[in-house]
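Numbering (UniProt numbering), first residue to last: 1 to 207.
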């Protein structure tokens, strides 16, 4: 999968994933899968949605919600989070978060970490990533071309969602080897590095 080329002088909006992109997350997906009987290779949200019994689905959703709310209360901003968001605001770029988390946990996470963005889209609002629905919706609302929106995330689903939306992507590796890094338009170790990249590239393009 070839990533979309990032044309930095064309960017007018930045959209972020939330967990392990803007803030820390300690969600234990292995234990959640074990508790719900979800196979390791299957997407957890898709597995729960396909449970045949409504009571089972409700129970599984409650377990996931408990994990997400606890994770929200223990989360902290990742290095460069607030500086990067301030830079985006200074440039008057549009800014949003698209996450597979639920709305309640996401709102708690933003409040807990003093993060404000223009738009928060969770799994209650749109089909979860790698479906591009949320990203396409944002581009349409903002009246931007798809190549003018940069999506920033830490996982394969983020890169796939950006590609499916025909948007450039940035992978935040958190200083770890990621086997899918070649699917990102650019890769940075942390948000501080993305801020430096944007500042340098924009200065160069202006010159």
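Where is the CB? At the ideal position from N, CA and C, for every residue including glycine.
In this text, all values refer to a predicted model and were calculated from it rather than measured experimentally.
Can you tell me whether DSSP reads residue 108 as helix, strand or coil? helix
Report yes if the CB atom of residue 152 is closer than 9 Å to the CB atom of residue 142, and no otherwise.
-> no
Within a Cβ cutoff of 6 Å, which residues of the same chain sit near residue 119, ignoring the five residues on either side of it in sequence?
96
Option in 8, 58, 109 and 144 with minimal Cα separation from residue 73:
109
Inset, instruction - Give the straight-line distance between the Cα atoms of residue 170 and residue 56, rounded to the nearest whole angstrom. - result: 37 Å
Next item on the list: Go to residue 134, then tell me how far its alpha helix (DSSP H) extends in each direction, as first and last residue.
Entry: 133-142
Which class does residue 180 belong to by DSSP, given the choice of helix, strand or coil?
coil
| query | In angstroms, rounded to a whole number, what distance separates the CA positions of residue 206 and residue 10? | reply | 12 Å
| request: State whether the segment 32-49 contacts the segment 84-91, with contact taken as three or more CB pairs (one from each stretch) at a distance under 8 Å. | output: no
* To do: Tell me residue 152's beta-bridge partners as DSSP assigns them.
  => 16 and 170
Residues near residue 27 in its chain [Cβ-Cβ closer than 8 Å; skip 5 each side]
19, 67, 68 and 71
State the beta-bridge partners of residue 102 as determined by DSSP.
Answer by DSSP bridge pairing: none, since residue 102 is not bridged.
Since residue 4 contacts residue 168 with CB under 8 Å, what's their CB separation in whole angstroms?
5 Å
- prompt: Under the three-state reduction of DSSP, which class applies to residue 33: helix, strand or coil?
  reply: helix
Where residue 7 and residue 42 are concerned, what is the direct C-alpha to C-alpha distance, given to the nearest angstrom? 35 Å
query: Taking just the CA atoms, how far does residue 115 sit from residue 162?
result: 23 Å
Please report how far the alpha carbon of residue 54 lies from the alpha carbon of residue 104, in whole angstroms.
21 Å
Open item on the list: What does the Cβ neighbour count give for residue 90, buried or exposed, with the cut at 16 atoms within 10 Å?
Closed with: exposed
When the Cα atoms are used, what is the spatial distance from residue 121 to residue 204? 33 Å
| Candidates 134, 93, 92 and 24: closest to residue 100 by CA position | 134
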